[in-house]
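Student:
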Amino acid sequence: MKLNKSKTILLFLVITGISLFIRFWHYPELVNFHGDPPFYLHEVKDMLDSGKIRLVGPIVMSKMIQGRGFYTGPLHYYIVALLGLATDWNVIQMTAFFTLLWITFLVLMFFWLKNKFGNLIALVVYAFVSFLPVFIPLSRTMWNPHFMPLFGLLFLWALDKRRKRPVYYLLSGFFLGLGVNVHYASVLWLLVVFWVIYLELKKKEFLFKHWLFFSLGVLLAESPLVLFEFRHNFYNLRTLIFQLKYGELSAGYTFALPYYFLFPAIPVAGFLLGFFLQKLKSSKFLMPTVILLGFASLWFLRVDLGVYGRKPAYPVGWNLTRQKEVISLIIKDNEKEFEVAETINSDTRASEIRWWLRRAGIGVMGIADYNKAPVLYLVAPESRPAEKEEVWEVFSMRPFRIEFKKDLGDNLFLYKLVRI
Numbered sequence: 006m007k008l009n010k011s012k013t014i015l016l017f018l019v020i021t022g023i024s025l026f027i028r029f030w031h032y033p034e035l036v037n038f039h040g041d042p043p044f045y046l047h048e049v050k051d052m053l054d055s056g057k058i059r060l061v062g063p064i065v066m067s068k069m070i071q072g073r074g075f076y077t078g079p080l081h082y083y084i085v086a087l088l089g090l091a092t093d094w095n096v097i098q099m100t101a102f103f104t105l106l107w108i109t110f111l112v113l114m115f116f117w118l119k120n121k122f123g124n125l126i127a128l129v130v131y132a133f134v135s136f137l138p139v140f141i142p143l144s145r146t147m148w149n150p151h152f153m154p155l156f157g158l159l160f161l162w163a164l165d166k167r168r169k170r171p172v173y174y175l176l177s178g179f180f181l182g183l184g185v186n187v188h189y190a191s192v193l194w195l196l197v198v199f200w201v202i203y204l205e206l207k208k209k210e211f212l213f214k215h216w217l218f219f220s221l222g223v224l225l226a227e228s229p230l231v232l233f234e235f236r237h238n239f240y241n242l243r244t245l246i247f248q249l250k251y252g253e254l255s256a257g258y259t260f261a262l263p264y265y266f267l268f269p270a271i272p273v274a275g276f277l278l279g280f281f282l283q284k285l286k287s288s289k290f291l292m293p294t295v296i297l298l299g300f301a302s303l304w305f306l307r308v309d310l311g312v313y314g315r316k317p318a319y320p321v322g323w324n325l326t327r328q329k330e331v332i333s334l335i336i337k338d339n340e341k342e343f344e345v346a347e348t349i350n351s352d353t354r355a356s357e358i359r360w361w362l363r364r365a366g367i368g369v370m371g372i373a374d375y376n377k378a379p380v381l382y383l384v385a386p387e388s389r390p391a392e393k394e395e396v397w398e399v400f401s402m403r404p405f406r407i408e409f410k411k412d413l414g415d416n417l418f419l420y421k422l423v424r425i
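The numbers in the sequence shown follow this note's numbering, run straight up by one, and end at 425.
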């Protein structure tokens, strides 16, 4: 089956429009702003306020051993800084940039596969990958893994064109380096590199100087982090050795959260799916496979338009509207010295509440001062009442009295705890 130009353009526009809709439908209510994103904003704002440009990005919290962890490269922070300055730190607009990274990746993937495998295969893969449910709620957050699909696609594109000019080796290494710069899961692309080297050796096409170009590209992309290593006695390298020596191998330690590894895998999977369909092109199995993938895409879309696709990431109900309601209550209460905390997620020190108060010009006591705070504002779920809470941020307030407990909805409550 062949698709002419007009039908291809029409289907492309329909899929793109639906892809935008399922990500931006009720966007302000579904933006995820907790955990990593507010932590990143604090770090970036500190960087800009101090005037000292960082050579590293965020620390990898999932790989901490005895208080030591890796730092990623600073590219994510540089882009967040530019977005903050350009939007006056508008969280919705800044997050929309990260959501649009997905659209950019998907559109570029379509055109690349179209040139390699034709209109039909490109459209089938485009729809299938665009509607994958797992990435829809995640795409509404200001998060560094969202760079990986785009950088991964550009890495594959340049590697595919390497036979034309040696500069494509440099570009391929550069895009791989950018991927690793924003998230270490991108090292999985080295498996593709090893496979290509194997094929070149097998076909007697391998040239060492070409892979020197590739290595130079990686170094260019990672140059701030490399400079950091030289200036800090190879901190990341020493941390790696330390963790290999003292860390216990476990699922959590070696792989962190499994979905991290879906981000770098998705551009490779998109290409492999297109390659697989191309191999079926002259067989009777092509159309049944295309129809099957079409039905799978429609089922994905049904999920995307249902409850799953419209929900924010955990914690449910902790959206921007509710966060700003809490900030308004705290400001109106007009306490001079206080701390804030949450027990609705792992970020018990409430980075997002601290961020909104910072933007309002309201000072909060330091994160090490909970045991000195006269007042603590606590956001907690119904299942974790303040009276029974054992986390240090609340426990260090004891003995305390509850001055008020406000129902925020969705089984979330705002407590005001006053030290006795």
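We treat Cβ as the ideally placed atom computed from N, Cα and C, and that holds for glycine.
Leaving aside the five residues before and after isoleucine 141 along the sequence, list all residues of the same chain whose C-beta is less than 7 angstroms from its C-beta, in chain order.
Tutor: Reading the sequence shown from its first residue, position 136 is the one you call residue 141. Hits under 7 angstroms: Ile27, Arg28, Asp309, Gly314.
Student: Do you know offhand how far serine 220's Cα is from threonine 100's?
Tutor: On the sequence shown, position 215 is the one that residue 220 refers to. On the sequence shown, position 95 is the one that residue 100 refers to. Per the coordinates, the alpha-carbon of serine 220 lies some 32 angstroms from the alpha-carbon of threonine 100.
Student: Mind listing, in chain order, the continuous alpha helix (DSSP H) runs of no fewer than 4 residues lying wholly within the region 268-349?
Tutor: 291-309, 325-338
Student: Report the residue ranges of all alpha helix (DSSP H) runs contained in full by the region 50-106; include only those spanning at least 4 residues, in chain order.
Tutor: 80-92
Student: Are there 16 or more other CB atoms within 10 angstroms of the CB of tyrosine 203, so buried, or fewer, so exposed?
Tutor: Translated into positions along the sequence shown, residue 203 becomes position 198. By the beta-carbon neighbour count (other beta carbons within 10 angstroms, threshold 16), tyrosine 203 is exposed.
Student: Bridge partners for leucine 383 per DSSP, in chain order?
Tutor: Taking the first residue of the sequence shown as 1, we reach residue 383 at position 378. Under DSSP, leucine 383 shares a beta bridge with Ala346, Tyr420.
Student: Using beta-carbon positions only, say whether leucine 60 and leucine 232 come within less than 8 angstroms of one another.
Tutor: Taking the first residue of the sequence shown as position 1, residue 60 is located at position 55. Taking the first residue of the sequence shown as position 1, residue 232 is located at position 227. Cβ distance < 8 angstroms, so leucine 60 and leucine 232 count as in contact.
Student: Specify whether the region 193-203 and the region 278-286 touch according to this definition: at least 3 beta carbon pairs, one from each stretch, less than 8 angstroms apart.
Tutor: As far as the Cβ criterion goes, the region 193-203 does not touch the region 278-286, which means the pair count is below three.
Student: Terminal residues of the continuous alpha helix (DSSP H) containing isoleucine 14?
Tutor: Numbered from 1 along the sequence shown, position 9 holds the residue referred to as residue 14. Isoleucine 14: member of the alpha helix (DSSP H) spanning 10-29, first to last residue.
Student: Along the chain, where does the alpha helix (DSSP H) containing glutamate 227 start, and where does it finish?
Tutor: Here residue 227 corresponds to residue number 222 of the sequence shown, with the count starting at 1. It is not in any alpha helix (DSSP H) - glutamate 227 carries neither H nor E in the DSSP assignment.
Student: Report all residues from its chain with a CB closer than 7 angstroms to the CB of proline 42; omit the five preceding and five following residues, and keep chain order.
Tutor: As a position in the sequence shown, residue 42 is number 37, starting the count at 1. Thr146, Met147, Trp148, listed in sequence order.
Student: Is the distance from the Cβ of leucine 164 to the Cβ of proline 269 below 8 angstroms?
Tutor: In the sequence shown, counting from the first residue as 1, residue 164 sits at position 159. In the sequence shown, counting from the first residue as 1, residue 269 sits at position 264. No, these two residues do not count as a Cβ contact at 8 angstroms.
Student: Are valine 49 and valine 85 touching if we call contact CB-CB under 8 angstroms?
Tutor: As a first step, residue 49 is located in the sequence shown; it is residue number 44 there, counting from the start. As a first step, residue 85 is located in the sequence shown; it is residue number 80 there, counting from the start. Closer than 8 angstroms, so yes.
Student: So, with DSSP's three-state summary, where would you put glycine 40?
Tutor: Here residue 40 is taken as the residue at index 35 of the sequence shown, counted from 1. When secondary structure is reduced to three states using DSSP, glycine 40 falls in the coil class, being assigned neither helix nor strand.
Student: Out of Asn339, Trp304, Asp415, point me to the one whose CA is closest to lysine 316's CA.
Tutor: Here residue 316 refers to the residue found at position 311 of the sequence shown. Among Asn339, Trp304, Asp415, the Cα nearest to that of lysine 316 is on Asp415.
Student: Could you spell out the range, first to last residue, of the beta strand (DSSP E) harbouring leucine 413?
Tutor: Translated into the one-based positions of the sequence shown, residue 413 becomes position 408. Looking at the DSSP string, the run of the beta strand (DSSP E) that includes leucine 413 is 405-414.
Student: At the level of alpha carbons, what is the spacing between alanine 378 and valine 223?
Tutor: Counted from its first residue, the sequence shown places residue 378 at position 373. Counted from its first residue, the sequence shown places residue 223 at position 218. Cα to Cα, alanine 378 sits roughly 48 angstroms from valine 223.
Student: Around the C-beta of glutamine 328, are 16 or more other C-beta atoms found within 10 angstroms, so that it is buried, or is it exposed?
Tutor: The residue given as residue 328 occupies position 323 in the sequence shown. It counts as buried.
Student: Which residues share a DSSP beta bridge with threonine 146?
Tutor: Taking the first residue of the sequence shown as position 1, residue 146 is located at position 141. Paired residue(s): Asn37.
Student: Let me know the secondary structure DSSP gives phenylalanine 140 once reduced to three states.
Tutor: Stepping through the sequence shown from its first residue, residue 140 is reached at position 135. Residue state, collapsed to three classes: helix.
Student: State the start and end residues of the unbroken alpha helix (DSSP H) segment that holds lysine 169.
Tutor: Sequence index remark: in the sequence shown, residue 169 carries index 164 (1-based). From DSSP, lysine 169 is part of no alpha helix (DSSP H); its letter is neither H nor E.
Student: Return the chain-ordered list of same chain residues with a C-beta closer than 8 angstroms to the C-beta of valine 396, the five sequence neighbours on each side being excluded.
Tutor: Residue 396 sits at position 391 when you count from the first residue of the sequence shown. Only residues of its own chain outside the window of five on either side were considered, and among them Ala346, Thr348, Thr353 have a CB closer than 8 angstroms to the CB of valine 396, listed in chain order.
Student: Give the secondary structure of glutamate 357 by DSSP, where H, G and I count as helix, E and B as strand, and everything else as coil.
Tutor: Position 352 of the sequence shown holds residue 357. Helix at glutamate 357.
Student: Consult DSSP for leucine 395 and reduce its assignment to one of helix, strand or coil.
Tutor: Residue numbering aside, residue 395 sits at position 390 when the sequence shown is read from its first letter. Before going on, a small fix: residue 395 reads as glutamate here, not leucine. Coil, per DSSP.
Student: I need the straight-line Cα distance from arginine 406 to proline 390, nearest angstrom please.
Tutor: On the sequence shown, position 401 is the one that residue 406 refers to. On the sequence shown, position 385 is the one that residue 390 refers to. Going by the C-alpha atoms only, they are around 13 angstroms apart.
Student: In this structure, does DSSP put phenylalanine 211 in helix, strand or coil?
Tutor: Residue numbering aside, residue 211 sits at position 206 when the sequence shown is read from its first letter. Here phenylalanine 211 sits in coil by DSSP.
Student: Thinking C-beta only, is phenylalanine 75 closer than 8 angstroms to threonine 244?
Tutor: As a first step, residue 244 is located in the sequence shown; it is residue number 239 there, counting from the start. As a first step, residue 75 is located in the sequence shown; it is residue number 70 there, counting from the start. Their beta carbons are under 8 angstroms apart, which means threonine 244 touches phenylalanine 75 by this criterion.
Student: What's the C-alpha gap between histidine 188 and glutamate 210?
Tutor: Residue 188 sits at position 183 when you count from the first residue of the sequence shown. Residue 210 sits at position 205 when you count from the first residue of the sequence shown. When rounded, the distance between both Cα atoms is 31 angstroms.
Student: Are there 16 or more other CB atoms within 10 angstroms of the CB of lysine 119, so buried, or fewer, so exposed?
Tutor: Numbered from its first residue, the sequence shown carries residue 119 at position 114. Around the Cβ of lysine 119, a 10 Å sphere holds 16 or more other Cβ atoms; the residue is buried.
Student: Can you find the residues in the same chain that come closer than 6 angstroms, C-beta to C-beta, to tyrosine 173, ignoring five residues on each side of it along the sequence?
Tutor: Indexing the sequence shown from 1 puts residue 173 at position 168. For tyrosine 173, where only same-chain residues beyond five positions count, the Cβ hits under 6 angstroms are Ala163, Lys166, Arg167.
Student: With a cut-off of 8 angstroms on the beta carbons, I'd call alanine 132 and serine 302 a contact; round off their distance for me.
Tutor: Position 127 of the sequence shown, counted from the first residue, corresponds to residue 132. Position 297 of the sequence shown, counted from the first residue, corresponds to residue 302. The C-beta distance from alanine 132 to serine 302 rounds to 4 angstroms, short enough to meet the 8 angstroms contact threshold.
Student: Along the chain, where does the alpha helix (DSSP H) containing valine 130 start, and where does it finish?
Tutor: As a working note, residue 130 is residue 125 in the sequence shown. It spans 124-135 - the alpha helix (DSSP H) in which valine 130 sits, taken as one unbroken run.
Student: Would you kindly check if the distance between the Cβ of valine 331 and the Cβ of leucine 419 is under 8 angstroms?
Tutor: In the sequence shown, the residue the question calls residue 419 occupies position 414. In the sequence shown, the residue the question calls residue 331 occupies position 326. Yes. Within cutoff.
Student: Return the CA-CA distance between leucine 262 and glycine 368, expressed in angstroms with no decimal places.
Tutor: Within the sequence shown, residue 262 is the residue found at index 257, counting from 1. Within the sequence shown, residue 368 is the residue found at index 363, counting from 1. Model confidence at leucine 262 stands at a pLDDT of 49, short of 50, so the residue's coordinates are unreliable; what they give is reported in the following sentence. So the alpha carbons of these two residues sit roughly 34 angstroms apart.
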